[in-house]
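Asks: Taken in order, these protein sequences are the chains called A and B. Residue numbers are given in full-length UniProt numbering: position 79 of the first sequence equals residue 79, and the series is strictly consecutive. Residue numbers are given in full-length UniProt numbering: position 62 of the second sequence equals residue 62, and the series is strictly consecutive. No residue lacks a Cβ here, since even glycine has one placed at the ideal position from N, Cα and C. Here the structure is a predicted model, which means the values were calculated and not measured. Quick one: structure below, then a few questions.
Number of protein chains: 2
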Amino acid sequence: MPGTVSKRRARTRQRLLDAALEVFAEVGFGRSTVEQVCDRAGFTRGAFYSNFSSLDELFLALWEERSARMLGDVRRALADIDPADPESAVRAAIAAAPVDDAWYRITAEFTAHALRNPGLRRVMAARERAIRDAILPVFVTALRRLGRRVSDESALGDALVAVHDGTAVQVLLQPDDAAVRARREALFRNVLDAYSTPMESA
Amino acid sequence: MPGTVSKRRARTRQRLLDAALEVFAEVGFGRSTVEQVCDRAGFTRGAFYSNFSSLDELFLALWEERSARMLGDVRRALADIDPADPESAVRAAIAAAPVDDAWYRITAEFTAHALRNPGLRRVMAARERAIRDAILPVFVTALRRLGRRVSDESALGDALVAVHDGTAVQVLLQPDDAAVRARREALFRNVLDAYSTPMESA
DNA sequence: CGTATCGAATACGTTCCTGTATCCGACCAG
DNA sequence: CTGGTCGGATACAGGAACGTATTCGATACG
Numbered sequence: 001m002p003g004t005v006s007k008r009r010a011r012t013r014q015r016l017l018d019a020a021l022e023v024f025a026e027v028g029f030g031r032s033t034v035e036q037v038c039d040r041a042g043f044t045r046g047a048f049y050s051n052f053s054s055l056d057e058l059f060l061a062l063w064e065e066r067s068a069r070m071l072g073d074v075r076r077a078l079a080d081i082d083p084a085d086p087e088s089a090v091r092a093a094i095a096a097a098p099v100d101d102a103w104y105r106i107t108a109e110f111t112a113h114a115l116r117n118p119g120l121r122r123v124m125a126a127r128e129r130a131i132r133d134a135i136l137p138v139f140v141t142a143l144r145r146l147g148r149r150v151s152d153e154s155a156l157g158d159a160l161v162a163v164h165d166g167t168a169v170q171v172l173l174q175p176d177d178a179a180v181r182a183r184r185e186a187l188f189r190n191v192l193d194a195y196s197t198p199m200e201s202a
Numbered sequence: 001m002p003g004t005v006s007k008r009r010a011r012t013r014q015r016l017l018d019a020a021l022e023v024f025a026e027v028g029f030g031r032s033t034v035e036q037v038c039d040r041a042g043f044t045r046g047a048f049y050s051n052f053s054s055l056d057e058l059f060l061a062l063w064e065e066r067s068a069r070m071l072g073d074v075r076r077a078l079a080d081i082d083p084a085d086p087e088s089a090v091r092a093a094i095a096a097a098p099v100d101d102a103w104y105r106i107t108a109e110f111t112a113h114a115l116r117n118p119g120l121r122r123v124m125a126a127r128e129r130a131i132r133d134a135i136l137p138v139f140v141t142a143l144r145r146l147g148r149r150v151s152d153e154s155a156l157g158d159a160l161v162a163v164h165d166g167t168a169v170q171v172l173l174q175p176d177d178a179a180v181r182a183r184r185e186a187l188f189r190n191v192l193d194a195y196s197t198p199m200e201s202a
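See below:
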C-alpha cells in the first residue's frame, strides 16, 4: 500500500517527536542534538535518520503537528459555544489559545529560526494567518451579538494576534504578577472595542 | 589601578562582542560556537577564554550592552523633541525602538533562554520595565498636549510594549506587505486613544 | 511455516569543538 | 636598557556529535 506507513514506523516517529518537544523546551532548539532526542525517546540515532533527514526537518514536522493540533483545538472549542452567551464565547476563544510556557519558548525560537530562512518564513506566515482566520469569526459573531459590527476584519485579526503574542511574553516574564494578567485582559477588551462600532438596532 | 582594564583588553573584548552579534544573528545563539565567534573577530580561542568564561557569559554581556545602548538611544532621541509638535514626538518614540531583524532574532532567542532561568528572567523583566518607563513619559506628555490625559500609565506602558513586540513579528514575517505596517500604526493609534480620555479644556 | 521486506540497532571513521596548560611578545616601570 | 607582567597565541588531549554503511531481528504475507 503506497503512501501508507506501518504502525511501527508511525509509533517510532511519534515518540521521537514527543521526545524532541521535551528536549527543545528544556535546552532550546539550538542547543539540542540528535542524540539527546534519541536518548529521551529510547531509540538510537539509526532510528532517527531512518525517520528524519535532519533535526531541522524534525523541528518543522513537530511545529506543523503542534500548530495544527492547536488550530484544531481552537476550532473544536469554538464549535460548541453558546450563541446566546457571547461573553463566554470570547472567554472560550482566549482559553483555546493558552499561554503555555514551553510552547512559547519553542515558537519564539522557531520564529527566530524562520526569519533566517525565507522558505520557512513563508510557511510560518501562512500558518499564522490560518490560525488568525480560524479564531476571527468567533469574535466577529460574538461582537455582532453584542450589537457591534466589525468594519475591518483583517485589522482586528492582526491586532488580536499581536496583542496575544505581545502580552504572552509579559505574562511569562512576570508569572506572579496578577496586575499584568489583568492588563492583558483589559487590552483585549479595548482592542475589541476599538475595532468594532455600535450598530443601529434592528 | 584596580578596577580598570587596559585599552588593549577593552578593544579585544569589544571586537569579540561585535563578532558575536553577527554570528548569533546568522546562525542563532544556540548553534553558535566559540570558534565561530573567534574566527569572525580575528582572534584565537585563547583570547576568548581570557575575556569570557563561556559563551553564555558573553551572550549576557552582549545583551546587557546592546539593550543598554538601545535604552540610551531612546532616551537621547526623546530628549530633544519639539514640545510643540506631539505628532513628531510620537513618531520619534516609535523610530527610537525600530524593528530590527537581527536584533529581534537575538532578543527572541534570549527571551526563550531567560524563561528557562529564573535569575535571567528577572534581569530581563527589569530591563523591559526600564525601557517601558523611559518611553512612557513621551507618550503621556504628547497626549496631554493633544488635550488627553492618561489615567493608568502602567497599563498604557504595557500595552504599548505588547503592541510593539507583537506587531514587530508580523512586520518581520511579512516584510513586503505594506498593509501589515499600516495596521501596526493604526493599532498604535487605537491604543493611545483607548488609554487616554479627553480633558476638560482649561 | 517460511521467506521477503522493512525498520531499528550497530559499528565505523570523521569532523568539530571544548577547555586548559604553556609559551611568547608587547608594553610599562624604574 | 632591562626586568616584569599582562594578554593573546599555540599546542594538546579528550569528548561529543555527526552521517553512513551494514547487520540483524521482527513482522507481514504468500
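1. Under 7 Å, CB to CB, which of the residues in the UniProt domain "HTH tetR-type" (10-70) of chain B have a partner in chain A?
2. Starting from S50 (chain A), follow the alpha helix (DSSP H) in both directions and report where the run begins and ends.
3. Under 9 Å, Cβ to Cβ, is there at least one residue of chain A near I106 (chain B)?
4. In chain order, which beta strand (DSSP E) runs of at least 3 residues are fully inside the stretch 121-202 of chain A?
5. Among residues of its own chain, excluding the 5 on either side of L16 (chain A), which ones have a beta-carbon nearer than 8 Å to its beta-carbon?
6. Rounded to a whole number of angstroms, what is the C-alpha to C-alpha distance between R132 (chain B) and T107 (chain B)?
7. Helix or strand or just coil, what does DSSP make of F29 (chain A)?
8. What are the boundary residues of the alpha helix (DSSP H) that A89 (chain A) is part of?
9. If you reduce the DSSP assignment to three classes, tell me which class P118 (chain A) lands in.
10. Taking Cβ positions only, does G166 (chain A) come closer than 9 Å to chain B?
11. Where does V99 (chain B) sit, in a helix, a strand or coil, going by DSSP?
12. Our contact map puts N195 (chain A) next to D165 (chain A) with C-beta atoms below 8 Å; I'd like the distance itself, whole angstroms only.
13. Would S6 (chain A) be called buried (16 or more neighbouring beta carbons within 10 Å of its own) or exposed?
14. Once the 5 residues before and after V150 (chain B) are set aside, which same chain residues still bring their CB inside 7 Å of it?
15. Kindly indicate the opening and closing residues of the alpha helix (DSSP H) around V34 (chain A).
16. Is any beta-carbon of chain A found at less than 9 Å from that of R121 (chain B)?
17. Within the continuous alpha helix (DSSP H) that includes D73 (chain B), where are the two ends?
18. Given a cut-off of 9 Å, decide if R122 (chain B) and F24 (chain B) are closer than it, judged by their beta-carbon atoms.
19. If you compare alpha carbons, which of B:E109, B:A134, B:W63 and B:R13 is closest to Y45 (chain B)?
20. Tell me whether D18 (chain B) sits in a helix, a strand or coil according to DSSP, three-state version.
21. Are the C-beta atoms of T111 (chain B) and some chain A residue less than 9 Å apart?
22. I want to see whether chain B comes within less than 9 Å of S154 (chain A), judged by CB atoms only; does it?
23. Measure the alpha-carbon distance for L146 (chain A) versus A97 (chain A) and round it to whole angstroms.
24. Is the number of C-beta pairs between the stretch 76-85 of chain B and the stretch 171-179 of chain B that are closer than 8 Å three or more?
25. Please state whether the Cβ-Cβ distance between S54 (chain A) and G30 (chain B) is less than 9 Å.
26. Under the rule that 16 or more other beta-carbon atoms within 10 Å means buried, what is R184 (chain A), buried or exposed?
27. Can you pull the chain B residues whose beta carbon is under 8 Å from the beta carbon of M199 (chain A), in chain order?
28. Taking E200 (chain A) as the reference, give the member of A:R148, A:D82, A:A95 and A:E87 with the closest Cα.
29. With distance defined between alpha-carbon atoms, name the residue in B:T4, B:A168 and B:A19 nearest to A95 (chain B).
30. Which residues of chain A have a Cβ atom closer than 7 Å to the Cβ of L187 (chain B), listed in chain order?
31. My output table needs one value for T4 (chain A): the three-state DSSP class, helix, strand or coil.
Replies: On the basis of the data shown:
1. G28, F29, G30 and R31
2. R45 to N51
3. yes
4. 148-150 and 196-198
5. V37, C38, A41, F43, A47, F48, N51, F52 and L58
6. 16 Å
7. coil
8. P86 to A96
9. helix
10. yes
11. coil
12. Rather than Asn, the amino acid found at residue 195 (chain A) in this sequence is Tyr. At roughly 17 Å, the Cβ-Cβ gap does not stay under 8 Å, so Y195 (chain A) and D165 (chain A) are not in contact.
13. exposed
14. V140, L143, L156, Y195 and S196
15. V34 to A41
16. yes
17. L55 to A79
18. no
19. With the sequence shown as reference, residue 45 (chain B) is identified as Arg, and Tyr is not the correct amino acid for it. If we check each option's Cα against that of R45 (chain B), B:R13 comes out closest.
20. helix
21. yes
22. yes
23. 22 Å
24. no
25. no
26. buried
27. None at all; the shortest Cβ gap to chain B is about 19 Å.
28. A:R148
29. B:A168
30. A159 and A162
31. coil
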